[in-house]
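Visitor: Below: one structure in structure tokens.
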Amino acid sequence: MAECTTRWYLIAVHHDATSARPVRGRFAPSPTGDPHLGNAFTALLAWVSVRAQQGVFVLRMEDLDKPRERPGAAERILRALRWLGLDWDEGPDVGGPFGPYVQSERLDLYEAAVRRLVEAGLAYECWCSRKEIAVVSAPHPGEEGPRYPGTCRTPDPTRAAARRAQGRLPSFRLRVPRGPIAFEDGVFGPQRIDVDAQVGDFVIRRADGFFAYQLAVVVDDAAMGITEVLRGEDLLSSTPRQLLLYEKLGLAPPRFLHVPLLLGPDGARLAKRHGAASLVELMERGEDPRAVCGALATLAGLARDGERLTPRDLVARWDPARLPRISLRIDPNAALFRTQVA
Ligand code: GLU
């Protein structure tokens, strides 16, 4: 039963307040398309928070999902963020002491982390196919897919040899402890999520060699000395998995702040079909970036309707307590856009 108690993660806030360690925050876009207003919202707030603490802002390109990558998207993201008025001290185009700042150039680090976990008995080879997992899982899989039932937790050398003989390769899964994981989010407050019950032992490296986002993001944030992760609320539920990886790898976790997502008027994630212009389109059609920045700041509770502002103007106003704690529906067609539901 001792294993079933809540695991509490006291995140680095304390540590940063009492030591001279500078705040290091980051924005980590995936180059899967043009940046939209939702990306701009997150990037802006991550930047303002870091600048308000005289910290270092890092830009990292998360390009592991090669099939979903769009040619030229990485360059367009950087161009659009600069147009909005953001800058970064370290990143793919400006370099820095913790590079490379592109995930596809850091695969050896992820491989080393997987090896360390496996050698320490904290992760294991899994020979199950997707189909086998679905068959033995609970009837109501969540959005993460079915919970992994732990079939390969205890190695079965005969089964492994048979699968190898068929030319198959294993994936690798982290051994997830029983019981909920609790942590304090800088915006949404106390969180308690049971990774074991919801996801089970999760994949850190797929059989085809693809490293899971969960693993890569932890390895990189730790290696880059990141002390503050501000990102979209959609990643709140993956934070406990990342906290487990920090623990198993013996790394210090950053402070987490999750910010609401921007949704279309129908409540679905903001997309082209809502008429949402990409940041690049807004730039190309000659919008004033200060109007866009002001509109985003209004949604974050940092500005009044219609104010034209640069990101710099927001630094003195930064207060994460003012952020709304629910997703924001906006009409991206309205001038510039209007909050419909707060
Ligand atoms: N690359 C992820 C995304 O674009 C963000 C990862 C993170 O901020 O932790 O959704």
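In my numbering, the protein residues as written are 0 to 341. Don't be surprised by glycine CBs; every beta carbon is placed ideally from N, CA and C.
List, from N- to C-terminal side, the beta strand (DSSP E) runs of 3 residues or more that fit wholly inside the region 177-217.
Guide: Runs of the beta strand (DSSP E) inside the region 177-217: 180-184, 188-192 and 202-204.
Visitor: Any heavy atom of the ligand GLU closer than 6 Å to the CB of Pro28?
Guide: Result yes, Cβ under 6 Å from the ligand GLU.
Visitor: How far does the beta strand (DSSP E) with Ile76 in it reach, from first residue to last?
Guide: Run containing Ile76: none in the beta strand (DSSP E); it sits in the alpha helix (DSSP H), Ala72 to Leu83.
Visitor: In angstroms, rounded to a whole number, what distance separates the CA positions of Val325 and Leu260?
Guide: Note on identity: in this sequence residue 325 is Ile, with Val being the wrong assignment. Going from the Cα of Ile325 to the Cα of Leu260 covers about 8 Å.
Visitor: Is it the case that the Cβ atoms of Leu322 and Val186 are separated by a distance below 7 Å?
Guide: Their beta carbons are under 7 Å apart, which means Leu322 touches Val186 by this criterion.
Visitor: Which one or two residues does DSSP pair with Val291 in a beta bridge?
Guide: The partner list for Val291 (beta bridge, DSSP) is empty, contrary to what the question assumes.
Visitor: Closest to Gly266 by C-alpha separation, out of Tyr212, Phe255, Pro331 and Asp312, would be which residue?
Guide: When only C-alpha atoms are compared, the closest one is Pro331.
Visitor: Look at the Cβ atom of Thr41, then the Cβ atom of Arg230, and state whether they are nearer than 7 Å.
Guide: Result yes, Cβ atoms of Thr41 and Arg230 sit closer than 7 Å.
Visitor: Drop a sphere of 10 angstroms on the beta-carbon of Gly166, count the other beta-carbons inside from all chains shown, and report buried for 16 or more, exposed for fewer.
Guide: The residue is exposed, with fewer than 16 neighbouring Cβ atoms inside 10 Å.
Visitor: Provide the residue span of the alpha helix (DSSP H) that contains Glu110, from first to last.
Guide: Residues Leu106 to Glu118.
Visitor: Who are the near neighbours of Ser103 in its chain, counting only those whose CB is closer than 6 Å to its CB and skipping five residues on each side?
Guide: Contacts found: Asp62.
Visitor: Can Val217 and Leu235 be called in contact, C-beta distance under 7 Å?
Guide: Taking 7 Å as the Cβ cut-off, Val217 and Leu235 do not qualify as a contacting pair.
Visitor: Whose C-beta lies closer than 8 Å to the C-beta of Arg78 among residues of the same chain, with five residues either side of it excluded?
Guide: Counting only Cβ-Cβ distances below 8 Å, and skipping sequence neighbours, we find Val279 and Met282.
Visitor: Taking 7 Å as the limit between beta carbons, can you name the residues of its chain near Cys127, skipping five residues before and five after?
Guide: Result list for Cys127: Thr150 and Cys151, in chain order.
Visitor: Could you please give the first and the last residue of the uninterrupted alpha helix (DSSP H) stretch that includes Tyr37?
Guide: The amino acid occupying residue 37 in the given sequence is Gly; Tyr does not appear at that position. Here the alpha helix (DSSP H) through Gly37 covers Leu36 to Ala51.
Visitor: Quick one: what's got a C-beta closer than 8 Å to Leu83's C-beta in the same chain, skipping five residues either side?
Guide: The residues are Ala39, Ala42, Leu43, Leu278, Pro288, Val291, Cys292 and Pro310.
Visitor: What residues in its chain sit with their C-beta under 6 Å from that of Phe255, if we drop five residues either side in the sequence?
Guide: So the list reads Asp184, Val228 and Thr238, once near-sequence residues are dropped.
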